[in-house]
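For the sequence shown, the residue numbers in the numbering used here are 6 to 346.
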Amino acid sequence: MDKHKILYIPTKAHTEIVFTKEDFEMFLRLFDVTVNVKDQDLTSSEVAELIAGMEGIVTGWGSPRLTDEVFERADELKIIVHSAGSVRPILTKSLVEKYVIPRGICVVSCRRAIAYNVAESAVGMMIMASRRWVDHIQAYREKGVWRASGIPANGQFLRGAVVGIVGVGMVGREVIRLLKPFDVKTILVYDPYLSDWEAGRLGVIKVGLNELFEKSDIVSIHAPLTSETYHMIGRDQLRRMRDGAVLINTARGGVIDHDALLEECRKGRIIAVLDVTEPEPLPPDSPFRKLKNVYVTPHVAGAGYYGYHMIGKIVVKSLEDFFAGRPVKDALDMSRYDITA
């Protein structure tokens, strides 16, 4: 039986991050794979030149957008597997509506693999920021100060805290699961697409966005960046945060109005932990870089071999299941493009 033809366009460097050696060798055995032999990402035009006759394409971080030219030549394309998170960098809404949905092309994202890493980072940030560990480390390392008096030592930590989750998608749900052993008081959530039944199943309480910011000791952002969520969090929400509250963003920088955030952070009332910013990276002269109550990390919350190596496994399993006629666990509903992370 002939093997299914797959175009694999990620670079060697990407492959070494998301596949174990054994999983990539299995991928090459199971399918007739055309591999990107360049040491750099292909252009959209180069993908278009290779796509004819291919039944599947695997993309990844750095892959070019799949254009009209690509789809017009993709005469056999049945499945797109994105070996990364959001498919927005490779697929626009117009192309989804023009080609993907009408042709019934299956689109797979490996975001599930990254979700655990991001969630683990978010919970770690909750502990780190509420306990002001970075401040203590810096005071001891740079000044030799033991238990610096200017650093609050009696903040609200996870045990007994009210934690607010904005966005209950894959990452938000993983955060909720990871918080269970910490004996938090309550988990409040804001997500207009979450049903009351599902909220009950997760053991969380649905509230409005403003109420979440008013009542939470810690707020963690996990909403996708869409036209609905752009600058969804602004002055009205941030001013409602109690003194000493912690705000964490591991989602997308554009979900928060950074002018409003800077205004509130300059007051010194709240602690902000930003793994994502607007713009990204922040310019060298950004005031956020100098504020002691703001911790910025370089968009690394999703990093980690546990999740990254799972990506390769999802790629292989998705292709196997699809061509065997089985349900594909990580397939996306592209009719929900507007609200998909």
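Glycine is no exception: its CB is placed at the ideal position from the N, C-alpha and C atoms.
Three or more pairs of CB atoms, one per stretch, sit closer than 8 Å, so the segment 167–176 contacts the segment 220–230. Selection Val189, Glu233, Ile170, Lys190 evaluated against Ala204 yields Ile170 as nearest (Cα-Cα). The secondary-structure analysis by DSSP pairs Leu279 across a beta bridge with Asn254, Val301.
Within the same chain, Phe218, Ile275 come within 6 Å of Met246 by CB-CB distance, once the 5 residues on both sides are set aside. The criterion of a C-beta distance shorter than 9 Å is satisfied by Ser323 and Ile84. Arg34 counts as exposed, since fewer than 16 other C-beta atoms from the protein chains shown sit within 10 angstroms of its C-beta. Taking a cut-off of 8 Å for Cβ pairs, the segment 299–315 and the segment 117–129 touch, as three or more such pairs fall below it. Its Cα nearest to that of Gln242, the residue Val260 stands out among Val260, Gly155, Val299, Arg137.
In the DSSP annotation of this structure, Thr16 is not part of any alpha helix (DSSP H), being labelled neither H nor E. The continuous stretches of beta strand (DSSP E) do not include Ser221, and DSSP gives it neither H nor E. At the C-beta level, Leu163 and Asp188 come within 9 Å of one another. Check the Cα spacing between Pro15 and each of Val168, Leu267, Gly67: the tightest is with Gly67.
When secondary structure is reduced to three states using DSSP, Ser91 falls in the coil class, being assigned neither helix nor strand. For Gly109, the closest alpha carbon among the candidates Asp343, Thr345, Gly307, Asp338 is that of Asp338. Burial is judged here by how many other beta carbons sit within 10 angstroms of a residue's own beta carbon; Ile142 has fewer than 16 and is exposed. Straight-line measurement puts the Cα of Leu55 at about 45 Å from the Cα of Leu207. Ranked by how close their Cα comes to the Cα of Arg271, the residues Ala79, Gly258, Ser291, Thr255 have Ser291 in first place. The straight-line gap separating the alpha-carbon atoms of Thr72 and Pro157 is approximately 53 Å.
Looking at the DSSP output, Lys211 shares a beta bridge with Val194. Taking the CA atoms as reference points, Asp28 sits about 17 Å from His9.
The alpha-carbon of Ser126 is positioned some 26 Å away from that of Lys26. Residue range 37–40 is occupied by the beta strand (DSSP E) that includes Val40, with no alpha helix (DSSP H) assigned at that position. For Cys111, the enclosing beta strand (DSSP E) stretches over residues 111–114.
Shown here, Thr64 sits in a strand according to DSSP, grouped into three states. Beta-bridge pairing by DSSP links Gly205 to no other residue.
Gly169 sits in a strand when the DSSP states are folded into three classes.
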